[in-house]
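Presented below is the structure to which this report refers.
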Amino acid sequence: MQRRLFLKQAGFLSAGAFALNQTDLLAGAPAETFKTFGVQLYSVRDVLPKDPKGIMTQLAQMGYKQFESYSGPQGFLWGMSPKEIKSFLNDQGVTMVSTHFNYGAQAGKPDELKKSIDMASEAGLSYLLCPYIGAQKTMDDWKRIADGFNRDGELVRKSGLKFGYHNHDYSFKPLDGQIPQEFLLANTDPKNVMFELDLCWIDVAGQDTIAHLKKYGKRYELCHIKDYTKQNGKPVQNDLGKGAVDFKKTLRVAKDSGIKYFIVEQEEYPQAVMTSMKNDAEYMKKLVV
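All letters in the sequence shown, in the order written, are residues -19 to -1, 1 to 270 by mature numbering (1 follows the signal peptide of the UniProt record, and there is no 0).
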């Protein structure tokens, strides 16, 4: 609103002077395409293990300039040393910014956790992310998880990286009158724990993504861009722009809230996986938010 007043006072808001859409006025920044976006390598889990370097090269050529890894059969560095994968990706014009890792096997085990921290740090990553914990039976269980996140997140922070949690739909489903995701946000120390918002799963859970981002957006530093449709009452993922998620509105708010990394992920494909990855990259290049 201040921007509107300024423009009016300056004499530029006369009819037909130029078109500022409502989103621009509210956000205070012009809409634009994504200059940089990434991909979660789990999207190509069916082809990546056979040829890690070849598949990563293809993804880079499609336009993905940031990678988020996961703990696959060769580890999250895909059989390469930290220096090797960092050098290889640099040659492709790519940065590996984060990885999902086997947090369940390392929670509360500082020696094991430190191994992942050291590998990630040497490879130039910034984030270690818990990818999944599963639905819990009670809020006491969620309290235990929050305590563990605080404990392990402190170790990660003191080692120079950031620790975070990636949601599925279960943490957005009410339990005993509370939303577990909101409980985690309220009961973890922002210094030690950040979050990665999966834009598909929060929508599947029936939550208002925009309202959630406006309230908690500062705690999220990464997001997963993933689309889906409902088939026989169940979510089925598809190529970006073909499903239920309103990315234009949602990603506008995500950008304004301070999310730094926008990571494409697709776990189901209407055709060949690399065809879907190319389609998703083309969608991201053209998307204006």
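Just so it is clear, CB atoms sit at the ideal spot from N, CA and C, and this is done for glycine as well.
Small disclaimer: the values here were computed from a predicted structure and weren't measured.
Which whole-angstrom value describes the C-beta separation of Q162 and S152, a residue pair presumed to lie in contact below a C-beta threshold of 8 Å?
4 Å
Does DSSP put T256 in a helix, a strand or coil?
helix
Which class does I244 belong to by DSSP, given the choice of helix, strand or coil?
strand
Nearest-angstrom Cα distance between H205 and E248?
12 Å
Under the rule that 16 or more other beta-carbon atoms within 10 Å means buried, what is T14, buried or exposed?
Exposed, because fewer than 16 other Cβ atoms sit within 10 Å of the Cβ of T14.
Label A(-1) either buried or exposed according to how many other C-beta atoms from any shown protein chain fall within 10 Å of its C-beta, with 16 as the threshold for buried.
Residue placement at A(-1) cannot be trusted, given a pLDDT of 39 that sits under 50; the coordinates are not used to answer.
What do you reckon, are the CB atoms on D208 and S257 nearer than 8 Å?
no
Around the Cβ of S62, are there at least 16 other Cβ atoms within 10 angstroms (buried) or fewer (exposed)?
exposed
Mind checking which residues open and close the alpha helix (DSSP H) that includes T38?
P33 to M43
With respect to the beta strand (DSSP E) encompassing S68, which residues constitute its N-terminal and C-terminal limits?
No beta strand (DSSP E) contains S68, which is instead part of the alpha helix (DSSP H) from P63 to D72.
Whose C-beta lies closer than 6 Å to the C-beta of H81 among residues of the same chain, with five residues either side of it excluded?
In its chain, beyond the 5 residues on either side, Y51, L110 and P112 have a beta carbon closer than 6 Å to the beta carbon of H81.
Nearest by alpha-carbon distance to N20: which of L203, V234, A225 and I66 is it?
A small fix is needed here, since residue 20 is Val in this sequence, not Asn. Looking from the CA of V20, the closest CA among L203, V234, A225 and I66 belongs to L203.
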